[in-house]
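Here is the structure we will look at.
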Amino acid sequence: METQTKRLVFCLFLVLFFVFAPILIFYSLGYRYDFKNKKIVQTGGIYLKTQPKKSKVFLNGKFVNFTDFLRGSFFIKNLVPGSYSLEIQNEGYKSWSKNILVEEKIVSEVKEIILLPNEIPRAILDENTTDFYLSPSLKKIFSLKKVGKELILSINEIIGNQEKPRVLAEFSFNSNTSFKKIKEVFWNENEEKIIINSDKGFYLLEKNGNKKSKLVLNPGVKIVSFTSENKISYLDANGVLVVYNLEDLTSEMLKTKNITCIWENNSFLCLNPEGFVEKIGADGKTQKVFNLEPFLVSEKKKYTLIAKKDRLFVKENDDFWLLNQKNVFEKIGVNVALFSLAPDDRKIAIVSKETPEIELFYLEKDYQQPLKEPGQKNKIIGQKEVENIFWYDPYHLFIQKPNKITFVETDNRGGINLFEVFNGPIQKAFYDEMKKAFYILNSENSQLLVLFGF
Numbered sequence: 001m002e003t004q005t006k007r008l009v010f011c012l013f014l015v016l017f018f019v020f021a022p023i024l025i026f027y028s029l030g031y032r033y034d035f036k037n038k039k040i041v042q043t044g045g046i047y048l049k050t051q052p053k054k055s056k057v058f059l060n061g062k063f064v065n066f067t068d069f070l071r072g073s074f075f076i077k078n079l080v081p082g083s084y085s086l087e088i089q090n091e092g093y094k095s096w097s098k099n100i101l102v103e104e105k106i107v108s109e110v111k112e113i114i115l116l117p118n119e120i121p122r123a124i125l126d127e128n129t130t131d132f133y134l135s136p137s138l139k140k141i142f143s144l145k146k147v148g149k150e151l152i153l154s155i156n157e158i159i160g161n162q163e164k165p166r167v168l169a170e171f172s173f174n175s176n177t178s179f180k181k182i183k184e185v186f187w188n189e190n191e192e193k194i195i196i197n198s199d200k201g202f203y204l205l206e207k208n209g210n211k212k213s214k215l216v217l218n219p220g221v222k223i224v225s226f227t228s229e230n231k232i233s234y235l236d237a238n239g240v241l242v243v244y245n246l247e248d249l250t251s252e253m254l255k256t257k258n259i260t261c262i263w264e265n266n267s268f269l270c271l272n273p274e275g276f277v278e279k280i281g282a283d284g285k286t287q288k289v290f291n292l293e294p295f296l297v298s299e300k301k302k303y304t305l306i307a308k309k310d311r312l313f314v315k316e317n318d319d320f321w322l323l324n325q326k327n328v329f330e331k332i333g334v335n336v337a338l339f340s341l342a343p344d345d346r347k348i349a350i351v352s353k354e355t356p357e358i359e360l361f362y363l364e365k366d367y368q369q370p371l372k373e374p375g376q377k378n379k380i381i382g383q384k385e386v387e388n389i390f391w392y393d394p395y396h397l398f399i400q401k402p403n404k405i406t407f408v409e410t411d412n413r414g415g416i417n418l419f420e421v422f423n424g425p426i427q428k429a430f431y432d433e434m435k436k437a438f439y440i441l442n443s444e445n446s447q448l449l450v451l452f453g454f
């Protein structure tokens, strides 16, 4: 090759280097040409995580890859800013889809993707059931049946999701002469005894010996606790906190002038007429006052204390107040129909009586995208005829309606995924978060069902 030709080839390669080297460098740094907007932009990405793992990932209708089998995660990188249609599929499961906005130099995270099975397993736990109550430990279930003129009440041990509960004790009442309706059920601490508050008064049911007896308590009393020492505490109509011994039938006045009380961690929490919430010991003495400023109380309003983990709430008629970090009660909900604290203790799901919407109120900063600040409210979805709400995990809810139960995510970016898990007339439902099991009483055929395998 001649010298002149060599120089030309060298110059050509030199020109190509200076032309393409910056392009390659910019490409490696995540820059792309946006053909839609006709400009150079820096890319973003989508990081996702799914349950179950090894699910198919589709982006704008095209298969991309599987989520990994260890963590169920996948990262889609080098995406030009814009809106992308993301879909997740897995055989035997309902598909999940959402529009995800990708921005320059930002990774959009969608880490709480849950696919529900197409067919959710269920089992019949009992027949001819008219009502049921789960124990505080969720290990036992108290059920009611009507057989002819008899009411059959039973205390049962929950064995497994697919097995009928084992009957521990059974009690028979004549429906014409005893009671027709149960208002409340109180388990003692070791779950061996039950007190029922009925339209005909209070009854004590004891598992050992299948004993039943009627308690001599005024209809207006409100039971606060039922301990394993066979003692009950209650508030009488005058706001006096009384401890009643079921062994020797003696009463002890513990504290006067209470508006409402609850039993929490072996102590009483009581709201007094001055507007202070006190912690009361077994000796009736005040151990702690929670709020620094008095809560304004009114004789015309009804009050309830609610303690959830380390949170303290006051329900005033249908308004909710939270004891904040400054130890002052602040109103967080007006005209509330339903109220539920999330498992992570960071937010509350609220359903208002005024508008058919489910709203989240954030108690702490939530670092999961989209980021939420304390005190922020976020509307999730508009739903009518909501009768109850249950948390599946910190990022998903079950919504109970008269004839269906649906599973909904709380991430409202790019549309909300809503899946039906039960369809049929519902008299009562309860979700056991630990066992991932749904107990449902079908009002049409009186079957007590359990749904599991979520």
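Anchor point for the sequence shown: position 398 equals 398 in the working numbering, and the numbering is continuous, going up by one each time.
Glycine is no exception: its CB is placed at the ideal position from the N, C-alpha and C atoms.
- Here the alpha carbons of residue 356 and residue 384 stand approximately 5 Å from one another.
- In this structure, residue 313 lies away from residue 291, with their beta-carbon atoms at least 7 Å apart.
- Here residue 308 is near residue 341, since their CB atoms are less than 7 Å apart.
- By the Cβ test, the segment 423-438 is not in contact with the segment 104-113, since fewer than three Cβ pairs between them sit closer than 8 Å.
- When C-alpha distances from residue 141 are compared across 231, 116, 193, 263, the shortest belongs to 193.
- Sequence-distant partners of residue 144 (beyond 5 residues in either direction) whose C-beta falls short of 6 Å from its own C-beta, in its chain, are 130, 131, 153.
- The secondary-structure analysis by DSSP pairs residue 312 across a beta bridge with 307.
- Pairing residue 392 with residue 213, the inter-Cα distance amounts to about 39 Å.
- Taking all protein chains shown into account, residue 177 has fewer than 16 neighbouring C-beta atoms within 10 Å of its C-beta and is therefore exposed.
- With a beta-carbon spacing of about 13 Å, residue 88 and residue 414 fall beyond the 8 Å limit used to define contacts.
- Nearest to residue 272 by C-alpha distance, out of 226, 289, 265, is 289.
- Sequence-distant partners of residue 197 (beyond 5 residues in either direction) whose C-beta falls short of 6 Å from its own C-beta, in its chain, are 183, 184.
- Residue 411 carries a coil assignment under DSSP once its states are collapsed to helix, strand and coil.
- Residue 122: member of the beta strand (DSSP E) spanning 122-126, first to last residue.
- An exposed status is given to residue 416, since fewer than 16 other beta-carbon atoms sit within 10 Å of its beta-carbon.
- Between residue 434 and residue 138 a beta carbon distance of about 7 Å is seen, short of the 8 Å cut, so the two are scored as contacting.
- Partner residues in the beta bridge of residue 381, as assigned by DSSP, are 358.
- Cβ neighbours of residue 387 within its own chain (closer than 7 Å, five residues either side excluded): 400, 401, 402.
- Contact between residue 123 and residue 421 is ruled out by a C-beta separation of about 15 Å, above the 8 Å threshold.
- Within the same chain, no Cβ atom closer than 7 Å to the Cβ of residue 238 is found once the five residues on either side in sequence are excluded.
- Shown here, residue 434 sits in coil according to DSSP, grouped into three states, outside any helix or strand.
- Rounded to the nearest angstrom, the gap between the Cα atoms of residue 93 and residue 285 is 57 Å.
- Looking at the DSSP output, residue 348 shares a beta bridge with 341, 361.
- Here the segment 46-53 lies against the segment 62-77, with 3 or more beta-carbon pairs under 8 Å apart.
- Closest option to residue 202, judged by alpha-carbon separation, among 208, 188, 209, 217: 217.
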